[in-house]
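Here is the structure we will look at.
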Amino acid sequence: NLAGVDLLGEIDRLRKERNAVILAHYYQKPEIQDLADFVGDSLDLSRKAAATDAEVIAFCGVRFMAETAKILSPEKIVVLPDMAAGCSLEDSCPPEQFAAFRAQHPDHIALTYINCSTEVKALSDIIVTSSSAEKILSQIPPSQKILFGPDRNLGGYLARKTGRDLLLWPGVCIVHEAFSETELLKLKAEHPGAPVAAHPECPAVILDHADYVGSTRGILEYAQTVPGDTLIVATEPHIIHQMEKAMPEKRFIGAPGADGNCNCNICPYMALNTIEKLYLALRDLEPRIEIEESLRLKAKVSLDRMLGMAS
Ligand code: 13P
Ligand code: SF4
């Protein structure tokens with residue numbers, strides 16, 4: 010029973026006592042973003058995890074992100090407030106099926122989105138995030154055949170943008186799939202001239218209406234530079250917290266789902282982390298991410314390639 014516990018005060022005390030760093034993704038609840046030592050997109054969070062000298066990483070994000078931190082910093086204790094914080098893209102790509110897909114296409118290299126399991130990373134050649142994918146793709150010779158998974162929307166976007174022929178795995182993010190083109194067009198009509206910023210995990214019918222497509226960090230940077238007093242944001246709506254903090258005079262509207270509001274686009278996995286669970290994770294140093302060493306080393310090869318090619 011945590012009634013009466015000063016959770017914020019205790020989290021602060023424990024983070025010092027444990028020499029812990031709290032890393033949070035932009036899709037976390039505002040109260041978690043506000044107490045984190047660092048808030049970022051998946052690429053910046055992996056860079057932070059690789060570079061930190063803290064002894065404990067409390068990762069407020071989803072499991073594949075915390076696993077990435079552990080792969081890159083195996084000597085650290087990595088805790089995830091709720092182990093059930095998975096990802097629909099990871100679920101859409103079971104390692105055995107991915108291995109079979111690879112075996113069917115031996116002449117292709119596997120360029121794989123970081124939103125996947127450690128097992129799938131270990132079966133991949135190069136990992137990408139949404140902010141690094143184009144830069145990494147541009148370093149692969151045009152003659153090289155590439156298969157891309159698990160996100161068919163990001164893969165389709167990259168193929169259209171770069172003209173490269175990518176063999177796509179058919180996975181999707183349930184959150185970004187939930188945006189409605191009809192409702193987005195209604196919203197645009199209500200706010201004439203308001204630009205739309207979208208994450209490349211959105212389907213093409215949504216991206217077709219976007220003025221800017223990029224990662225969470227990219228969308229935040231765009232929000233700071235685009236003129237106008239209103240921005241429509243087609244990604245998980247908790248990112249709007251950072252925008253409102255940086256630009257309180259501007260209006261940010263989450264793109265709607267079929268029901269006409271943006272609440273159906275809240276990531277149910279990210280939402281599992283709470284202040285209470287973060288406190289318990291720092292107190293008990295549980296639940297911990299553990300990865301078998303030979304698997305970790307295999308997955309690290311493709312992640313290290315990403316960090317090298319993205320820098
Ligand atoms: P970013 O790399 O843009 O932070 O995206 C992570 C993610 O899970 C988007 O759904
Ligand atoms: Fe996975 Fe989508 Fe949630 Fe991102 S928003 S963590 S891709 S389910």
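Here the sequence shown is numbered in the UniProt record's numbering, starting from 10 and rising by one per residue.
Every residue, glycine too, gets a C-beta built ideally from N, C-alpha and C.
Residue 3, enclosing alpha helix (DSSP H) - first and last residue: Only positions 10 to 320 of the chain appear in the structure, and residue 3 is not among them; the question remains open.
Going by C-alpha distance, which of A142, L81, N124 is nearest G227? A142
For the structure I just gave you, are there three or more beta carbon pairs, one from the stretch 186–200 and one from the stretch 208–215, closer than 8 Å? These segments touch.
What does the alpha-carbon distance come out to for the pair P179 and K25? 44 Å
On the premise that H247 lies in contact with P39, defined as a C-beta separation below 8 Å, what is that separation, rounded to the nearest angstrom? 7 Å
Assess contact between the stretch 50–70 and the stretch 80–87, defined as three or more Cβ pairs (one per stretch) separated by less than 8 Å. Is contact present? yes
From C182 to C276, what distance separates their C-alpha atoms? 9 Å
Closer than 7 Å to a non-hydrogen atom of the ligand 13P - does that hold for the CB of E253? no
Three CB pairs or more closer than 8 Å across the stretch 105–116 and the stretch 288–304: no
Can you list, in chain order, the residues of its chain whose CB lies under 6 Å from that of Y36, leaving out five sequence neighbours each side? E245, H247, C276, M279
Please find out if some non-hydrogen atom of the ligand 13P comes closer than 7 Å to the beta-carbon of L32. no
Entirely enclosed alpha helix (DSSP H) segments - the stretch 147–188, minimum 4 residues: 161–171, 183–186
Taking 7 Å as the line, does the beta carbon of T77 fall inside it for any heavy atom of the ligand 13P? no
Please state the DSSP three-state secondary structure of V48. strand
Enumerate in chain order the residues of its own chain whose CB-to-CB distance from I41 is below 6 Å, with the five nearest sequence positions on each side excluded. A33, C69
heavy atom of the ligand SF4 below 7 Å from M279 C-beta: yes
Three-state secondary structure (DSSP) at T234? Of the three classes helix, strand and coil, the one that applies to T234 here is helix, per DSSP.
Looking only at its own chain, which residues have a Cβ that is under 6 Å from the Cβ of A308, when we skip the five neighbours before and after it? I80, T127, K130, A131
Quick one: Cα of T77 to Cα of C96, how far? The alpha-carbon atoms of T77 and C96 are separated by roughly 14 Å.
What residues in its chain sit with their C-beta under 8 Å from that of Y221, if we drop five residues either side in the sequence? P204, V205, A206, A207, G227, I228, Y231, V235
Take D43 as the anchor and find which of V14, K259, T121, I249 has the nearest alpha-carbon. The residue with the shortest Cα to Cα distance from D43 is I249.
Whole angstroms is fine: what's the gap from C273's alpha carbon to I262's? 14 Å
Near the ligand 13P: N274 beta-carbon under 7 Å from a heavy atom: no
Could you give the residue range of the alpha helix (DSSP H) that holds L32? L32 -> not in any alpha helix (DSSP H); beta strand (DSSP E) instead, spanning 29–34.
Does any heavy atom of the ligand SF4 sit closer than 7 Å to the C-beta of H250? no
Alpha helix (DSSP H) segment containing T138, residue limits: Per DSSP, T138 belongs to no alpha helix (DSSP H) and is neither H nor E.
Quick check on G202: buried or exposed, where buried means 16 or more other Cβ atoms within 10 Å of its Cβ? exposed
What do you get for A243, buried or exposed, if any count of 16 or more other CB atoms within 10 angstroms of its CB means buried? A243 should be labelled buried.
Please determine whether the Cβ atom of residue 333 lies at a distance below 7 Å from any heavy atom of the ligand SF4. Summary: the structure shown does not reach residue 333, with the chain confined to residues 10 through 320, and so no result is reported for it.
Touch check for the stretch 46–61 and the stretch 13–21: three-plus C-beta pairs under 8 Å? no
Reference A93; option with closest CA among A108, A75, Q106, I86: If we check each option's Cα against that of A93, A75 comes out closest.
In angstroms, rounded to a whole number, what distance separates the CA positions of D53 and I31? 14 Å
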